[in-house]
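Be aware that the sequence shown starts at 14, since it is given in the numbering used here, and climbs by one per residue. Glycine included, C-beta positions come from ideal geometry on N, C-alpha and C. Here the structure comes first, spelled out in structure tokens, and everything after it is commentary.
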Amino acid sequence: MNTTVEITHREASGCVILDIKAENFTYPQNAILKNHVAHLLQAGHKLFVLNLSQVQLLDSYGLATIVSVLKMIKEKNGTMALCGLNDTINYLVEVTSLDKVLEIWSSEAQATYFLTSQ
14 MNTTVEITHR EASGCVILDI KAENFTYPQN AILKNHVAHL LQAGHKLFVL
64 NLSQVQLLDS YGLATIVSVL KMIKEKNGTM ALCGLNDTIN YLVEVTSLDK
114 VLEIWSSEAQ ATYFLTSQ
């Protein structure tokens, strides 16, 4: 099982896009995301898109990390959207009712448009 996580960020349409590349986004690798976002928040960024299109598997720790990151961002008056969820991850989000809490879009363009049009 490949547990390597690579997180890169770039700016697009006034948002920070976090591209997460991980076959399995599981504990303890997902702590990398929290650290990455914390640094970006310190730099003054407020609008975040988590691009999960290159994540195959997300476990409960990964889901908890995403919720924790959302909380961190909201505490700094920011907002976050997700895009690129595969069917398995989308199902997990729906089963846990986190689709009521998280903004989920099929494409990066839709997510950035949502964030910048608020």
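Where residue i sits in the DSSP three-state scheme
i, result
"residue 98", "coil"
"residue 21", "strand"
"residue 92", "strand"
"residue 123", "helix"
"residue 56", "coil"
7 Å Cβ shell around residue i - same chain, five flanking residues per side excluded
i, result
"residue 21", "32"
Best match in the options for proximity to residue i [C-alpha to C-alpha]
i, options, result
"residue 97", "71, 66, 42", "66"
"residue 119", "95, 71, 60", "95"
"residue 83", "71, 69, 108, 54", "54"
"residue 87", "51, 17, 74, 37", "51"
"residue 112", "45, 90, 80", "80"
"residue 38", "28, 64, 59, 23", "64"
C-alpha gap between residue i and residue j, whole angstroms
i, j, result
"residue 99", "residue 57", "30 Å"
"residue 114", "residue 127", "15 Å"
"residue 73", "residue 42", "13 Å"
Cutoff 6 Å; reference residue i; Cβ partners in own chain excluding five residues on either side
i, result
"residue 34", "19, 67"
"residue 6", "For the chain, the structure presents residues 14 to 131; residue 6 sits outside this window and is missing."
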